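J.:
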Amino acid sequence: MKSCLVVDDSKVIRQVARHILETLQFEVREACDGRQALDSCLDSPPDVVLLDWNMPVMSGMDFLRALGESDVTNRPKIIFCTTENGMAHIRAAIDAGADEYVMKPFDRETLESKLQIVGMA
Ligand SMILES: [Mg+2]
Numbered sequence: 001m002k003s004c005l006v007v008d009d010s011k012v013i014r015q016v017a018r019h020i021l022e023t024l025q026f027e028v029r030e031a032c033d034g035r036q037a038l039d040s041c042l043d044s045p046p047d048v049v050l051l052d053w054n055m056p057v058m059s060g061m062d063f064l065r066a067l068g069e070s071d072v073t074n075r076p077k078i079i080f081c082t083t084e085n086g087m088a089h090i091r092a093a094i095d096a097g098a099d100e101y102v103m104k105p106f107d108r109e110t111l112e113s114k115l116q117i118v119g120m121a
């Protein structure tokens with residue numbers, strides 16, 4: 001079973017993502033900010049991280065930078081979630097180490113296609 005860490009400060013978004021991912025046969029873990037997500041990845045890296053951008057404590061961008069500087073063994077695939085449609089914003093995330101992005105709100109079909117792009121579905 002593949003594992004996914006859902007990182008978002010919105011409980012509703014985490015629940016929606018968890019539900020979709022469980023129907024796609026993922027084992028799901030949750031974190032509500034980048035700091036928790038980093039601890040979770042260092043403890044046991046998931047196969048893929050679904051990463052919110054705007055979060056308190058540690059943002060998605062700061063999480064990516066910290067993960068890049070860490071000695072995490074199996075680097076997870078990163079799909080970042082954004083509500084902003086600017087290419088500059090998306091480019092910045094890809095440059096920081098994200099593998100793919102998905103616009104919020106997302107549905108099952110969209111998320112599944114993004115997971116396929118990163119080789120996880
Ligand atoms: Mg947020």
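Residues in the sequence shown are numbered from 1 upward in steps of one, following our numbering.
Don't be surprised by glycine CBs; every beta carbon is placed ideally from N, CA and C.
Fair warning: this is a prediction, and the values are worked out from it, not measured in the lab.
Hey, arginine 29 and proline 46: beta-carbon distance below 8 Å or not?
T.: For arginine 29 and proline 46, yes; Cβs fall inside 8 Å.
J.: Ligand 3 heavy atoms versus the CB of aspartate 9: any closer than 7 Å?
T.: No copy of ligand 3 appears in this structure; the ligands present are ligand 1.
J.: Check each candidate in Lys77, Ala121, Thr83 and name the one with the smallest Cα separation from lysine 104.
T.: Closest by alpha carbon: Thr83.
J.: Whole angstroms is fine: what's the gap from tryptophan 53's alpha carbon to serine 44's?
T.: When rounded, the distance between both Cα atoms is 22 Å.
J.: Tell me which same chain residues have a C-beta within less than 7 Å of the C-beta of threonine 110, skipping the five on either side of it?
T.: Within the same chain, threonine 110 has close Cβ partners Val102.
J.: Would you kindly work out how many angstroms separate the C-alpha atoms of valine 118 and alanine 92, rounded to a whole number?
T.: Their Cα atoms are separated by approximately 18 Å.
J.: Kindly indicate which three-state DSSP category valine 28 falls into: helix, strand or coil?
T.: Looking at valine 28 - three-state DSSP - the assignment turns out to be strand.
J.: DSSP three-state call for aspartate 52: helix, strand or coil?
T.: Residue state, collapsed to three classes: strand.
J.: What do you reckon, are the CB atoms on phenylalanine 63 and leucine 50 nearer than 8 Å?
T.: No; because the gap between Cβ atoms is not below 8 Å, this pair is not in contact.
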